[in-house]
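In this note's numbering, the protein residues as written are 553 to 661. Remarks on the structure that follows.
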């Protein structure tokens with residue numbers, strides 16, 4: 553009688569028995585584990601990409617600062633056309649305005 557009742561329930565709910573249900577659960581767990589591994593791999597790749605991006609940004613900033621410095625002092629050092637302080641009679645500094653920023657051509661070279 554109990555066996556018949558169990559078979560009737562299986563037919564109604566189309567479960568296929570406890571074994572099939574356990575198999576279905578294990579398959580779903582395996583799929584979830586697989587997706588978790590894929591997600592971890594994606595996170596690792598994202599962190600690596602972020603690290604590369606930070607390094608490139610830091611390099612860009614350093615290069616920008618270097619080029620800005622080169623624009624200010626020129627390739628051979630400051631010249632008389634740069635904003636160099638000079639002494640007045642009272643001992644105060646005077647800032648000379650820059651002339652054109654034409655590089656070597658502006659310096660007559």
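Glycine is no exception: its CB is placed at the ideal position from the N, C-alpha and C atoms.
Any non-hydrogen atom of the ligand HEM within 6 Å of residue i CB
i           : result
residue 575 : No copy of the ligand HEM occurs in the structure displayed, which carries no ligand at all.
Separation of residue j from residue i, as counted between CA atoms
i           : j           : result
residue 624 : residue 601 : 35 Å
residue 615 : residue 597 : 27 Å
residue 590 : residue 605 : 22 Å
residue 584 : residue 578 : 10 Å
residue 580 : residue 595 : 22 Å
residue 559 : residue 599 : 53 Å
residue 593 : residue 620 : 41 Å
residue 572 : residue 562 : 11 Å
residue 565 : residue 588 : 31 Å
residue 575 : residue 611 : 54 Å
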